[in-house]
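Colleague: The opening position of the sequence shown corresponds to residue 764 in my numbering, with each subsequent residue numbered one higher. Starting off with a structure, shown below.
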Amino acid sequence: MSGATPHGGTAEYRAASPSATAEYVASFRSDICHLIILPTEQCNFRCTYCYEDFSVGRMEPGIIRGVKRFIDQRLDDLRLLHLSWFGGEPLLAADIVEDISGHAMTAAGSGLRYIGDMTTNAYMLTGAMVDRMAAVGVRGFQVSLDGPQDLHDRTRVRADGRGTYQRLWDNLLAIRSGSAPVTVSLRVHLTPANLPGMPDFLGRLRDTFLDDARFTVLLKAVEHLGGPNDATTDIIDKHNRSEVLARLASIVQTPERPGSDACPDTPVCYAARPNSLVIRANGTLGKCTVSLDSPANDLGRLRPDGTLDIRNDRLRPWLRGWESGDERALHCPADGFTLGEPVLLHIGPRPSEAS
(Lines of atoms letter the chains of each structure in order from A and count residues from 1; the text may use other names and numbers.)
(Lines give C-alpha, C1' and ligand atoms only; values in the text may rest on other atoms or scores of the structure.)
Protein backbone atom coordinates (compact mmCIF):
# COMPACT_ATOMS: atom_id res chain seq x y z
CA MET A 1 0.00 0.00 0.00
CA SER A 2 2.07 2.80 -1.38
CA GLY A 3 2.38 5.56 1.14
CA ALA A 4 -1.24 5.39 2.18
CA THR A 5 -3.03 5.05 5.48
CA PRO A 6 -6.00 3.13 6.80
CA HIS A 7 -8.52 7.03 7.47
CA GLY A 8 -10.83 8.57 9.99
CA GLY A 9 -12.94 5.88 8.72
CA THR A 10 -9.71 4.43 7.50
CA ALA A 11 -7.14 5.74 9.79
CA GLU A 12 -6.34 9.30 10.67
CA TYR A 13 -6.86 10.70 14.15
CA ARG A 14 -8.84 13.83 13.34
CA ALA A 15 -9.43 15.51 16.68
CA ALA A 16 -8.80 19.24 16.47
CA SER A 17 -6.53 19.55 19.52
CA PRO A 18 -7.14 16.65 21.89
CA SER A 19 -5.76 17.05 25.37
CA ALA A 20 -2.91 14.89 26.54
CA THR A 21 -5.21 13.39 29.15
CA ALA A 22 -7.82 12.40 26.57
CA GLU A 23 -5.15 10.87 24.34
CA TYR A 24 -3.72 8.94 27.27
CA VAL A 25 -7.08 7.58 28.34
CA ALA A 26 -8.11 6.59 24.81
CA SER A 27 -4.77 4.91 24.15
CA PHE A 28 -4.61 2.85 27.32
CA ARG A 29 -8.22 1.79 27.66
CA SER A 30 -8.34 -2.00 27.76
CA ASP A 31 -11.93 -2.01 26.50
CA ILE A 32 -10.77 -0.69 23.10
CA CYS A 33 -9.04 -2.90 20.56
CA HIS A 34 -7.76 -1.60 17.23
CA LEU A 35 -6.44 -4.24 14.83
CA ILE A 36 -4.80 -3.27 11.54
CA ILE A 37 -5.04 -6.43 9.46
CA LEU A 38 -3.20 -7.19 6.22
CA PRO A 39 -5.23 -9.97 4.51
CA THR A 40 -2.66 -9.99 1.70
CA GLU A 41 0.58 -8.14 1.09
CA GLN A 42 0.32 -8.49 -2.68
CA CYS A 43 -0.78 -5.49 -4.75
CA ASN A 44 -2.10 -4.84 -8.25
CA PHE A 45 -0.32 -1.44 -8.27
CA ARG A 46 3.36 -0.54 -8.41
CA CYS A 47 3.37 3.06 -7.24
CA THR A 48 6.72 4.70 -7.86
CA TYR A 49 7.19 5.77 -4.22
CA CYS A 50 6.02 2.51 -2.63
CA TYR A 51 8.11 1.06 0.21
CA GLU A 52 6.65 -2.48 0.20
CA ASP A 53 8.39 -5.50 -1.34
CA PHE A 54 5.30 -7.74 -1.82
CA SER A 55 7.19 -10.76 -0.48
CA VAL A 56 4.24 -12.05 1.57
CA GLY A 57 1.07 -13.40 -0.05
CA ARG A 58 -2.44 -14.10 1.20
CA MET A 59 -3.31 -14.84 4.79
CA GLU A 60 -3.40 -18.60 5.35
CA PRO A 61 -6.46 -20.33 6.91
CA GLY A 62 -4.62 -20.94 10.20
CA ILE A 63 -3.92 -17.21 10.60
CA ILE A 64 -7.52 -16.35 9.71
CA ARG A 65 -8.72 -18.74 12.44
CA GLY A 66 -6.25 -17.15 14.84
CA VAL A 67 -7.62 -13.65 14.16
CA LYS A 68 -11.19 -14.81 14.75
CA ARG A 69 -10.28 -16.61 17.95
CA PHE A 70 -8.34 -13.61 19.22
CA ILE A 71 -11.42 -11.44 18.64
CA ASP A 72 -13.63 -14.00 20.40
CA GLN A 73 -11.31 -14.09 23.41
CA ARG A 74 -11.42 -10.29 23.77
CA LEU A 75 -15.15 -9.73 23.27
CA ASP A 76 -16.23 -9.85 26.90
CA ASP A 77 -13.76 -7.10 27.83
CA LEU A 78 -14.43 -4.69 24.94
CA ARG A 79 -16.64 -1.70 24.31
CA LEU A 80 -15.07 -0.88 20.93
CA LEU A 81 -13.62 -3.22 18.31
CA HIS A 82 -12.03 -1.40 15.37
CA LEU A 83 -10.76 -3.38 12.39
CA SER A 84 -8.69 -1.48 9.82
CA TRP A 85 -7.83 -3.29 6.59
CA PHE A 86 -4.51 -2.59 4.92
CA GLY A 87 -2.17 -4.27 2.45
CA GLY A 88 -0.82 -4.75 -0.17
CA GLU A 89 -4.25 -4.18 -1.64
CA PRO A 90 -6.83 -5.65 0.75
CA LEU A 91 -9.50 -6.04 -1.93
CA LEU A 92 -7.31 -8.66 -3.63
CA ALA A 93 -8.35 -10.72 -0.59
CA ALA A 94 -11.91 -9.42 -0.32
CA ASP A 95 -13.10 -12.88 0.71
CA ILE A 96 -10.82 -12.81 3.76
CA VAL A 97 -12.01 -9.31 4.66
CA GLU A 98 -15.61 -10.53 4.45
CA ASP A 99 -14.85 -13.68 6.44
CA ILE A 100 -13.17 -11.97 9.39
CA SER A 101 -15.36 -8.84 9.33
CA GLY A 102 -18.53 -10.90 9.15
CA HIS A 103 -17.35 -12.96 12.09
CA ALA A 104 -16.56 -9.83 14.10
CA MET A 105 -19.87 -8.22 13.20
CA THR A 106 -21.85 -11.28 14.28
CA ALA A 107 -19.82 -11.87 17.41
CA ALA A 108 -20.08 -8.24 18.50
CA GLY A 109 -23.85 -8.39 18.81
CA SER A 110 -25.58 -5.39 20.31
CA GLY A 111 -23.38 -4.73 23.31
CA LEU A 112 -20.17 -3.85 21.49
CA ARG A 113 -19.40 -1.05 19.09
CA TYR A 114 -17.75 -2.35 15.94
CA ILE A 115 -16.02 -0.19 13.33
CA GLY A 116 -14.57 -1.40 10.04
CA ASP A 117 -12.52 0.62 7.55
CA MET A 118 -10.02 0.13 4.78
CA THR A 119 -7.12 1.73 2.97
CA THR A 120 -7.55 0.74 -0.68
CA ASN A 121 -6.26 1.85 -4.05
CA ALA A 122 -9.94 1.67 -5.14
CA TYR A 123 -9.23 -0.06 -8.45
CA MET A 124 -11.59 -2.86 -7.39
CA LEU A 125 -13.91 -0.62 -5.35
CA THR A 126 -16.91 -0.91 -7.65
CA GLY A 127 -20.44 -0.25 -6.50
CA ALA A 128 -20.96 -3.97 -5.99
CA MET A 129 -17.77 -4.23 -3.93
CA VAL A 130 -18.78 -1.26 -1.78
CA ASP A 131 -22.06 -3.01 -1.02
CA ARG A 132 -20.22 -6.22 -0.12
CA MET A 133 -17.91 -4.40 2.25
CA ALA A 134 -20.68 -2.32 3.83
CA ALA A 135 -22.66 -5.50 4.49
CA VAL A 136 -19.92 -6.70 6.85
CA GLY A 137 -19.41 -3.31 8.49
CA VAL A 138 -16.46 -2.03 6.44
CA ARG A 139 -17.84 1.44 5.81
CA GLY A 140 -14.88 3.80 5.74
CA PHE A 141 -12.45 3.94 2.83
CA GLN A 142 -9.28 5.91 2.25
CA VAL A 143 -8.35 6.29 -1.42
CA SER A 144 -5.17 7.94 -2.71
CA LEU A 145 -4.96 10.26 -5.70
CA ASP A 146 -1.80 11.88 -7.07
CA GLY A 147 -3.42 14.78 -8.88
CA PRO A 148 -5.00 15.07 -12.35
CA GLN A 149 -4.86 12.10 -14.69
CA ASP A 150 -1.65 12.98 -16.54
CA LEU A 151 0.26 13.14 -13.24
CA HIS A 152 -1.55 10.40 -11.34
CA ASP A 153 -0.92 7.91 -14.14
CA ARG A 154 2.83 8.49 -13.90
CA THR A 155 3.12 7.48 -10.26
CA ARG A 156 0.12 5.29 -9.33
CA VAL A 157 0.42 2.66 -12.02
CA ARG A 158 -0.74 -0.91 -12.30
CA ALA A 159 1.70 -3.79 -11.99
CA ASP A 160 1.74 -3.93 -15.80
CA GLY A 161 2.64 -0.22 -15.99
CA ARG A 162 -0.74 1.03 -17.19
CA GLY A 163 -2.54 4.01 -15.67
CA THR A 164 -5.22 3.77 -13.00
CA TYR A 165 -6.84 7.20 -12.79
CA GLN A 166 -9.93 6.73 -14.94
CA ARG A 167 -10.92 3.48 -13.24
CA LEU A 168 -10.55 5.10 -9.81
CA TRP A 169 -12.48 8.19 -10.83
CA ASP A 170 -15.32 6.11 -12.27
CA ASN A 171 -15.53 4.06 -9.07
CA LEU A 172 -15.63 7.22 -6.95
CA LEU A 173 -18.39 8.67 -9.12
CA ALA A 174 -20.36 5.46 -8.70
CA ILE A 175 -20.13 5.78 -4.92
CA ARG A 176 -21.15 9.44 -5.22
CA SER A 177 -24.19 8.47 -7.28
CA GLY A 178 -25.22 5.69 -4.93
CA SER A 179 -26.56 5.69 -1.40
CA ALA A 180 -24.23 3.25 0.35
CA PRO A 181 -23.74 4.15 4.04
CA VAL A 182 -20.00 4.68 3.68
CA THR A 183 -17.42 7.44 4.02
CA VAL A 184 -14.56 8.10 1.61
CA SER A 185 -11.43 10.06 2.48
CA LEU A 186 -9.73 11.24 -0.71
CA ARG A 187 -6.06 11.28 0.25
CA VAL A 188 -4.23 13.59 -2.16
CA HIS A 189 -0.49 13.06 -2.37
CA LEU A 190 1.61 16.17 -2.91
CA THR A 191 4.98 16.33 -4.67
CA PRO A 192 6.95 19.18 -6.26
CA ALA A 193 5.89 17.84 -9.66
CA ASN A 194 2.14 17.97 -9.06
CA LEU A 195 1.92 21.21 -7.04
CA PRO A 196 1.37 23.51 -10.07
CA GLY A 197 -1.73 21.59 -11.14
CA MET A 198 -3.03 20.97 -7.65
CA PRO A 199 -5.26 24.07 -7.22
CA ASP A 200 -7.35 23.15 -10.27
CA PHE A 201 -7.44 19.49 -9.28
CA LEU A 202 -8.54 20.23 -5.71
CA GLY A 203 -11.20 22.55 -7.07
CA ARG A 204 -12.48 19.70 -9.19
CA LEU A 205 -12.56 17.37 -6.18
CA ARG A 206 -14.41 19.99 -4.16
CA ASP A 207 -17.01 20.63 -6.85
CA THR A 208 -17.50 16.95 -7.69
CA PHE A 209 -17.57 15.32 -4.28
CA LEU A 210 -17.61 17.66 -1.31
CA ASP A 211 -21.29 18.54 -1.48
CA ASP A 212 -21.73 14.92 -0.36
CA ALA A 213 -21.05 14.66 3.37
CA ARG A 214 -19.68 11.15 2.90
CA PHE A 215 -16.57 12.52 1.16
CA THR A 216 -13.62 14.37 2.66
CA VAL A 217 -10.21 15.42 1.35
CA LEU A 218 -6.95 14.75 3.15
CA LEU A 219 -3.69 16.34 1.95
CA LYS A 220 -0.44 14.44 2.48
CA ALA A 221 3.04 15.30 1.25
CA VAL A 222 4.87 12.27 -0.12
CA GLU A 223 7.71 11.15 2.18
CA HIS A 224 10.84 9.10 1.75
CA LEU A 225 9.56 5.83 3.20
CA GLY A 226 11.97 3.38 1.63
CA GLY A 227 11.62 1.33 -1.52
CA PRO A 228 13.61 1.09 -4.75
CA ASN A 229 12.79 4.61 -5.98
CA ASP A 230 13.33 6.48 -2.72
CA ALA A 231 16.54 8.19 -3.79
CA THR A 232 14.97 9.62 -6.95
CA THR A 233 11.63 10.63 -5.41
CA ASP A 234 11.36 14.41 -4.98
CA ILE A 235 9.55 15.61 -1.88
CA ILE A 236 8.31 19.03 -0.82
CA ASP A 237 10.82 20.92 1.30
CA LYS A 238 9.90 20.53 4.96
CA HIS A 239 10.66 24.19 5.70
CA ASN A 240 7.70 25.46 3.66
CA ARG A 241 5.52 22.36 3.73
CA SER A 242 3.08 23.72 6.31
CA GLU A 243 2.53 26.87 4.25
CA VAL A 244 1.91 24.83 1.09
CA LEU A 245 -0.55 22.54 2.86
CA ALA A 246 -2.45 25.43 4.42
CA ARG A 247 -2.79 27.22 1.08
CA LEU A 248 -4.09 24.12 -0.67
CA ALA A 249 -6.39 23.18 2.22
CA SER A 250 -8.23 26.47 1.79
CA ILE A 251 -9.29 25.37 -1.70
CA VAL A 252 -11.34 22.45 -0.41
CA GLN A 253 -13.21 24.54 2.11
CA THR A 254 -16.90 25.00 1.37
CA PRO A 255 -19.63 27.05 3.07
CA GLU A 256 -20.78 23.83 4.70
CA ARG A 257 -17.22 23.00 5.76
CA PRO A 258 -15.50 26.29 6.62
CA GLY A 259 -13.02 24.60 8.95
CA SER A 260 -11.20 22.32 6.53
CA ASP A 261 -10.21 18.92 7.82
CA ALA A 262 -7.71 18.48 5.00
CA CYS A 263 -4.65 18.82 7.25
CA PRO A 264 -5.68 17.16 10.52
CA ASP A 265 -3.66 17.36 13.68
CA THR A 266 -2.21 13.90 14.40
CA PRO A 267 -0.47 14.17 17.76
CA VAL A 268 -0.37 10.44 18.50
CA CYS A 269 0.45 7.77 15.96
CA TYR A 270 -1.49 4.52 16.09
CA ALA A 271 1.86 2.74 16.56
CA ALA A 272 2.31 4.49 19.93
CA ARG A 273 -1.03 3.27 21.25
CA PRO A 274 -0.93 0.18 23.48
CA ASN A 275 -4.36 -0.94 22.28
CA SER A 276 -3.42 -0.91 18.58
CA LEU A 277 -1.76 -3.87 16.87
CA VAL A 278 -0.80 -4.82 13.30
CA ILE A 279 -1.43 -8.40 12.15
CA ARG A 280 0.41 -9.20 8.94
CA ALA A 281 -0.73 -11.77 6.40
CA ASN A 282 1.84 -14.27 7.68
CA GLY A 283 0.75 -13.85 11.31
CA THR A 284 3.62 -11.58 12.33
CA LEU A 285 2.61 -8.98 14.91
CA GLY A 286 3.81 -5.40 14.65
CA LYS A 287 3.04 -1.80 15.48
CA CYS A 288 3.82 -0.03 12.20
CA THR A 289 2.58 -0.57 8.64
CA VAL A 290 5.62 1.14 7.11
CA SER A 291 8.58 -0.53 8.82
CA LEU A 292 7.35 -3.97 7.85
CA ASP A 293 10.79 -5.53 7.45
CA SER A 294 12.45 -3.93 10.48
CA PRO A 295 13.43 -6.32 13.30
CA ALA A 296 12.18 -3.66 15.72
CA ASN A 297 8.70 -4.04 14.22
CA ASP A 298 8.63 -7.84 14.53
CA LEU A 299 6.93 -8.19 17.90
CA GLY A 300 5.99 -11.86 17.71
CA ARG A 301 3.33 -14.12 16.25
CA LEU A 302 -0.38 -14.72 16.32
CA ARG A 303 -1.00 -18.38 17.16
CA PRO A 304 -3.82 -20.37 15.48
CA ASP A 305 -5.58 -20.63 18.86
CA GLY A 306 -5.83 -16.82 19.02
CA THR A 307 -3.18 -16.26 21.67
CA LEU A 308 -0.29 -13.86 21.09
CA ASP A 309 3.39 -14.62 21.41
CA ILE A 310 4.77 -11.10 21.97
CA ARG A 311 8.31 -9.97 22.71
CA ASN A 312 7.89 -7.27 25.32
CA ASP A 313 11.46 -6.07 24.83
CA ARG A 314 10.51 -5.05 21.28
CA LEU A 315 7.11 -3.67 22.26
CA ARG A 316 8.35 -1.26 24.95
CA PRO A 317 10.24 1.14 22.64
CA TRP A 318 7.06 1.81 20.66
CA LEU A 319 5.33 2.97 23.85
CA ARG A 320 8.20 4.95 25.36
CA GLY A 321 6.66 8.35 24.60
CA TRP A 322 3.97 7.87 27.24
CA GLU A 323 6.55 7.36 29.97
CA SER A 324 8.99 10.03 28.81
CA GLY A 325 6.40 12.60 27.74
CA ASP A 326 8.32 13.07 24.50
CA GLU A 327 5.80 14.36 21.96
CA ARG A 328 8.02 13.31 19.05
CA ALA A 329 8.02 9.73 20.29
CA LEU A 330 4.22 9.82 20.44
CA HIS A 331 3.87 11.43 17.02
CA CYS A 332 6.25 8.89 15.47
CA PRO A 333 7.64 6.27 17.84
CA ALA A 334 10.00 4.92 15.16
CA ASP A 335 11.66 8.34 14.90
CA GLY A 336 14.72 8.03 17.08
CA PHE A 337 15.13 4.29 16.77
CA THR A 338 18.70 3.29 16.03
CA LEU A 339 17.64 1.28 12.97
CA GLY A 340 16.96 4.21 10.68
CA GLU A 341 13.20 3.74 10.64
CA PRO A 342 11.11 5.93 8.30
CA VAL A 343 8.42 8.36 9.34
CA LEU A 344 5.27 6.47 10.21
CA LEU A 345 1.87 6.83 8.68
CA HIS A 346 -0.92 7.74 11.08
CA ILE A 347 -3.68 5.19 11.29
CA GLY A 348 -6.37 4.83 13.91
CA PRO A 349 -9.77 5.71 15.25
CA ARG A 350 -10.65 9.19 16.27
CA PRO A 351 -10.37 9.67 20.03
CA SER A 352 -14.05 10.64 19.95
CA GLU A 353 -14.87 7.13 18.73
CA ALA A 354 -13.66 5.76 22.03
CA SER A 355 -15.91 7.89 24.20
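Beta carbons are placed, not taken as given, at the ideal position from N, Cα and C, and that holds for glycine.
Give me, in chain order, the residues of the same chain whose beta-carbon lies closer than 6 angstroms to that of V1093; leave out the 5 immediate sequence neighbours on both sides.
Modeller: Inspection of the sequence shows that residue 1093 is occupied by Leu rather than by Val. Cβ within range, chain order: V1031, A1035, G1084.
Colleague: Can the beta-carbon of S1054 be found closer than 8 angstroms to that of A1097?
Modeller: Contact: yes.
Colleague: Could you say if the stretch 867–874 and the stretch 807–819 meet the contact criterion of at least three C-beta pairs nearer than 8 angstroms?
Modeller: Taking 8 angstroms as the limit for Cβ pairs, the verdict is that the stretch 807–819 does not touch the stretch 867–874.
Colleague: Pairing CB atoms from the stretch 790–804 with CB atoms from the stretch 891–904, are three or more of them under 8 angstroms?
Modeller: Segments in contact, no.
Colleague: Thinking C-beta only, is A922 closer than 8 angstroms to V906?
Modeller: Not closer than 8 angstroms, so no.
Colleague: Check A856 in the structure and name its three-state DSSP category.
Modeller: Correct three-state label for A856: helix.
Colleague: Mark S1013 as exposed unless 16 or more other C-beta atoms lie within 10 angstroms of its C-beta, in which case mark it buried.
Modeller: Burial call: exposed.
Colleague: For the ligand ADP, I want to know if P824 counts as a neighbour, meaning its beta carbon is within less than 7 angstroms of at least one of the ligand's heavy atoms.
Modeller: The model on display carries no ligand, and the ligand ADP is accordingly not part of it.
Colleague: Between which two residues does the beta strand (DSSP E) carrying K983 extend?
Modeller: Its beta strand (DSSP E) spans residues 978–984.
Colleague: According to DSSP, is R1091 part of a helix, a strand, or is it coil?
Modeller: DSSP places R1091 in helix when its eight states are reduced to three.
Colleague: Inspect the beta-carbon positions of E852 and R895 and report whether they are closer than 8 angstroms.
Modeller: Not a contact, by the Cβ cut-off of 8 angstroms.
Colleague: Which residues in the same chain as D909 place their Cβ atom closer than 7 angstroms to its Cβ, once the five residues preceding and following it in sequence are excluded?
Modeller: The answer, listed in chain order, is H915, T918, R919, H952, N957.
Colleague: In three-state terms, what does DSSP make of Q905?
Modeller: Strand.
Colleague: Which runs of the beta strand (DSSP E), 3 residues or longer, sit entirely within the stretch 899–983?
Modeller: 901–908, 946–953, all fully within the stretch 899–983.
Colleague: Measuring only the C-alpha atoms, how far is T883 from R1079?
Modeller: When rounded, the distance between both Cα atoms is 30 angstroms.
Colleague: Cutting at 8 angstroms between CB atoms, please list the residues of its own chain near T889, excluding the five before and the five after it.
Modeller: Result list for T889: N934, A937, in chain order.
Colleague: Would H797 be called buried (16 or more neighbouring beta carbons within 10 Å of its own) or exposed?
Modeller: Label assigned to H797: buried.
Colleague: May I ask you to report which of helix, strand or coil DSSP gives D880?
Modeller: Here D880 sits in strand by DSSP.
Colleague: List the endpoints of the continuous alpha helix (DSSP H) containing R832.
Modeller: Per DSSP, R832 belongs to the alpha helix (DSSP H) from 824–837.
Colleague: Put D862 into one of helix, strand or coil per three-state DSSP.
Modeller: D862: helix per DSSP, three-state reduction.
Colleague: Helix, strand or coil: how does DSSP classify D1098 here?
Modeller: Reduced to three states, the DSSP call for D1098 is coil.
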